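Q:
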Amino acid sequence: MKRHLLWLMAALAVLIVFPFIFGPLQTNLMVRFAIEALFAVSLNLLLSFTGLLSFGHALYFGVGAYGAALILTHLEGIPLVLAVLLSGLAAALVGLLLSPLLVRVRATAFTMLTLAFGQLLYVLCSKFREVTGGEDGIMGWTTPPLRLPGVFSLDVTQPLYIYFFALGLSGLGILAMWYFTKTPMGSVMISIRDNQKRVDYLGYQVVLTKAVIFCLSGFFAGLAGAIYAVFNNLVSVGGVLHIMVSFQPLMAILVGGIGTFFGPILGSGLLLMLEEATQAYPELAQMISGLIFIAVVLFLPGGAISFGARLRGWWQKRAYLRKAREIAA
Amino acid sequence: MNILETKALCHDFKGLQVLFDVGLTVRQGEHHAIIGPNGAGKTTLFNVITGTYRPSGGQVLFKGQDITGLQPYKLARRGLGRSFQITSTFEKQTVFQNIRMGVMSRMGVRFDCWRRVAGLDSVARETEEILASIGLTAEREVLACQLSYGKHRALEVSMALATNPDLVMLDEPTAGMSKEETHATVELIKRLTQGKSMVMVEHDMDVVFTLADRITVLYYGSILASGPPGEIRENQAVRDAYLGDMEFSNVF
Chain Y
4 MKRHLLWLMA ALAVLIVFPF IFGPLQTNLM VRFAIEALFA VSLNLLLSFT GLLSFGHALY
64 FGVGAYGAAL ILTHLEGIPL VLAVLLSGLA AALVGLLLSP LLVRVRATAF TMLTLAFGQL
124 LYVLCSKFRE VTGGEDGIMG WTTPPLRLPG VFSLDVTQPL YIYFFALGLS GLGILAMWYF
184 TKTPMGSVMI SIRDNQKRVD YLGYQVVLTK AVIFCLSGFF AGLAGAIYAV FNNLVSVGGV
244 LHIMVSFQPL MAILVGGIGT FFGPILGSGL LLMLEEATQA YPELAQMISG LIFIAVVLFL
304 PGGAISFGAR LRGWWQKRAY LRKAREIAA
Chain A
1458 MNILETKALC HDFKGLQVLF DVGLTVRQGE HHAIIGPNGA GKTTLFNVIT GTYRPSGGQV
1518 LFKGQDITGL QPYKLARRGL GRSFQITSTF EKQTVFQNIR MGVMSRMGVR FDCWRRVAGL
1578 DSVARETEEI LASIGLTAER EVLACQLSYG KHRALEVSMA LATNPDLVML DEPTAGMSKE
1638 ETHATVELIK RLTQGKSMVM VEHDMDVVFT LADRITVLYY GSILASGPPG EIRENQAVRD
1698 AYLGDMEFSN VF
């Protein structure tokens, strides 16, 4: 426990000094990491902890992003934090509205339904030009500063402050979801994943619990979308509602480690690093990420987070075999 | 007083009628066994009573109240617990966590997302007590899927009892067990259901005659006979229904 705390402190210290050591380019990359990680963890709540594969999580991300863009464009003078939280709540509300349908289906039917809703919103936002700006999207609003009256007022359009804003919110969100998995309701969620029928027969309301999880997952995905909007000062259907936006966190979960809480965070980081490394060869980038994806599925099904344990297991097996051979000789 | 009563209960699967006017009565505090040849409709009767299916006709009364077609979680909260013929636990979770799910439900810790589940001392204490009483304390950190078959079945039955139901319904608690495991499970059920009302479906006649105060014989979806074990043993219709069934004729 003490060692964990020490590691946490060290990581925090590194994150705090990070923007002062590295340039704005790397700092902006970290902001993207914070957004991706929060988004991936929110999806992972469904995939790894409730056992539901969603192909339409961009729906919540998009609602959060568009929500933030619309609020900041049309409601001048609204505090930034309130705008971002409201955007998250809008996404949670969408989760609540869809839950009567989503709780009724499982497995492939669930996946297809989420895909359908995700694509539905994509088309709606493309066509509803008056509000969403269609293909062009919404941009150019003035982002209010992050203010605590009389204490500080930070301009989050600067790399340094958006960095702390994004990392702070993302960190709090991930922490909240991690805590949720440790609560009694979190146990019910995990048990629904393992055996929904039994949960029902033990006296828990499966439908209501799932609805709460959809709202929660939607809220944090929406929060990630809102941070995205603030960071980019631009929201378009291609950037926040496209089907690839739904697949990105899915890749992060699979590459990082499905079935674990922290795997998706690692996966998000790895995918971003990969994207940066292959930036100079855009025609190769997709092929390389595809190959890596195949390699992970084939050789490391537990994801990057299981790499250490995998290596240790392999090493122990080798040592054991050598010893067996010595004894035999 | 009858804790459970079905009145003219019927059920059909898309036209294939499985239950015909079943009138089952289970008295308060009694251990009741439902027996019958394969395909008699025993498990269907269980499923209709416990809310898996809504019956196509008739009524189910539990503690005098109409519970026909209520969803399983509502029945569980009213005090009706059940176990399954095909073991249905949380296989990727530890034995402790499995039992804890039952204890949490009993204590009403269902919609709590503020406290840590590991910090709920009363739940943990209660769970430990149950583990001790079913003799699985040593296996508390073992995943359910890694238990031996007999112990996994014992866990299955214990989960139904962990919610402390007024009536527990066991669907073939000893299915597929070895002689020793069966014996141990019978002792366990005897101990855990003392003073409780219990209904079970069972094929093993030794188990039935050891545990049951009353027996109901189901035959092609209808009740053939119902009464104390001695009476059932002597019943000519029951004997005829089972004629040719080696297992049963050995018992009589």
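Protein chains in written order, with our numbering: chain Y, 4 to 332; chain A, 1458 to 1709. Glycine residues also receive a C-beta, built at the ideal position from the N, C-alpha and C atoms. Nothing here was measured: the structure is a model prediction, and the numbers come from that model.
1) According to DSSP, simplified to helix, strand and coil, what is A:Asn-1495?
2) Are the beta-carbon atoms belonging to Y:Phe-113 and Y:Leu-62 less than 7 Å from one another?
3) Please state whether the Cβ-Cβ distance between Y:Ser-51 and Y:Ile-261 is less than 7 Å.
4) By Cβ distance, which residues of its chain are closer than 6 Å to Y:Gly-337, with the 5 residues on each side in sequence left out?
5) For A:Phe-1452, which three-state DSSP category applies?
6) Where does A:Met-1703 land, buried or exposed, given buried means 16+ other C-beta within 10 angstroms?
7) Are the segment 11–28 of chain Y and the segment 151–170 of chain Y in contact at 8 Å, needing three or more beta carbon pairs?
8) Closest to Y:Leu-333 by C-alpha separation, out of Y:Cys-128, Y:Lys-320, Y:Gly-241, would be which residue?
9) Can you name, in chain order, every residue of its own chain whose Cβ lies under 6 Å from the Cβ of A:Gln-1528, other than the five neighbours on each side?
10) Between which residues of its own chain and Y:Tyr-231 is the CB-CB distance below 6 Å, once the five residues before and five after are set aside?
11) Measuring straight from C-alpha to C-alpha, what distance separates Y:Ala-280 and Y:Leu-11?
12) Answer yes or no: do A:Ser-1683 and A:Thr-1667 have a C-beta to C-beta separation smaller than 7 Å?
13) Could you pull out every residue in the same chain whose Cβ sits closer than 6 Å to the Cβ of A:Ala-1617, ignoring the five residues on either side in sequence?
14) Tell me the DSSP secondary structure of Y:Gln-161 in three-state form.
15) Assess contact between the segment 77–87 of chain Y and the segment 279–298 of chain Y, defined as three or more Cβ pairs (one per stretch) separated by less than 8 Å. Is contact present?
16) Between which two residues does the alpha helix (DSSP H) holding Y:Tyr-204 run?
17) Please decide whether Y:Lys-185 counts as near chain A, where near means a Cβ-Cβ distance under 7 Å.
18) Determine which residues of the segment 93–118 of chain Y have a Cβ less than 7 Å from any Cβ of chain A, and write them out in chain order.
19) Return yes when the Cβ of Y:Ala-43 is within less than 7 Å of the Cβ of Y:Ser-271, no when it is not.
20) Going along the segment 188–202 of chain Y in order, which residues come within less than 9 Å of chain A, judged by CB to CB distance?
21) What does a CB cutoff of less than 7 Å around Y:Ala-255 pick up in its chain, not counting 5 residues either side in sequence?
22) Grab me the residues of Y:Val-108's own chain with a C-beta within less than 8 Å of its C-beta, minus the 5 sequence neighbours each way, in chain order.
23) Do A:Pro-1630 and A:Val-1656 have their C-beta atoms closer together than 7 Å?
24) Secondary structure at Y:Gln-29, three-state DSSP: helix, strand or coil?
25) Indicate whether at least one CB of chain A lies closer than 7 Å to the CB of Y:Leu-49.
26) When DSSP builds the beta bridges, which residues end up paired with A:His-1660?
27) So, with DSSP's three-state summary, where would you put A:Gly-1480?
28) Have a look at Y:Ile-291 and Y:Leu-92 and give me their C-alpha separation to the nearest angstrom.
29) For the beta strand (DSSP E) holding A:Leu-1402, just list the boundary residues, first then last.
30) According to DSSP, which residues form a beta bridge with A:Phe-1470?
31) Report the rounded CA-to-CA distance for A:Gln-1516 versus A:Thr-1525, giving the unit in angstroms.
32) Which residues mark the beginning and the end of the beta strand (DSSP E) in which A:Ile-1587 is found?
33) What's the C-alpha gap between A:Leu-1476 and A:Asn-1495?
34) Who are A:His-1489's beta bridge partners in DSSP?
35) Kindly indicate the opening and closing residues of the alpha helix (DSSP H) around Y:Met-254.
36) Please report the distance separating the alpha-carbon of Y:Cys-218 from that of Y:Leu-46.
A: Checking against the coordinates, here is how it stands:
1) coil
2) A distance of 7 Å or more separates the beta carbons of Y:Phe-113 and Y:Leu-62.
3) Closer than 7 Å, so yes.
4) Only positions 4 to 332 of chain Y appear in this structure, which leaves residue 337 of chain Y out of reach.
5) Summary: the structure shown does not reach residue 1452 of chain A, with chain A confined to residues 1458 through 1709, and so no result is reported for it.
6) Note on A:Met-1703: pLDDT 47, under 50, position unreliable in the model; the coordinate value appears next. A:Met-1703 should be labelled exposed.
7) The segment 11–28 of chain Y and the segment 151–170 of chain Y touch, with no fewer than 3 CB-CB distances between them shorter than 8 Å.
8) Nothing can be reported for residue 333 of chain Y: it is not among the residues displayed for chain Y, which extend from 4 to 332.
9) If we look at A:Gln-1528 and ignore the five residues flanking it on each side, its Cβ neighbours are Gly-1508.
10) Ile-38, Ala-68
11) 28 Å
12) no
13) Gly-1538, Arg-1539, Ser-1540, Val-1625
14) coil
15) Short answer: they don't touch.
16) 187–204
17) yes
18) Answer set for the segment 93–118 of chain Y: empty.
19) yes
20) Met-188, Gly-189, Ser-190, Val-191, Ile-193, Ser-194, Arg-196, Asp-197, Asn-198, Lys-200, Arg-201, Val-202
21) Glu-39, Ala-43, Pro-267, Gly-270, Ser-271, Leu-274
22) Leu-116
23) no
24) helix
25) Chain A, which has no Cβ nearer than 7 Å to the Cβ of Y:Leu-49, makes this no.
26) Answer by DSSP bridge pairing: none, since A:His-1660 is not bridged.
27) coil
28) Near 37 Å, if we compare the C-alpha coordinates of Y:Leu-92 and Y:Ile-291.
29) Coverage of chain A is limited to positions 1458 through 1709, which leaves residue 1402 of chain A absent and any answer about it impossible.
30) A:Leu-1473
31) 6 Å
32) Unbroken run through A:Ile-1587 is the alpha helix (DSSP H), 1578–1590; no beta strand (DSSP E).
33) 14 Å
34) A:Val-1656, A:Arg-1671
35) 246–259
36) 12 Å
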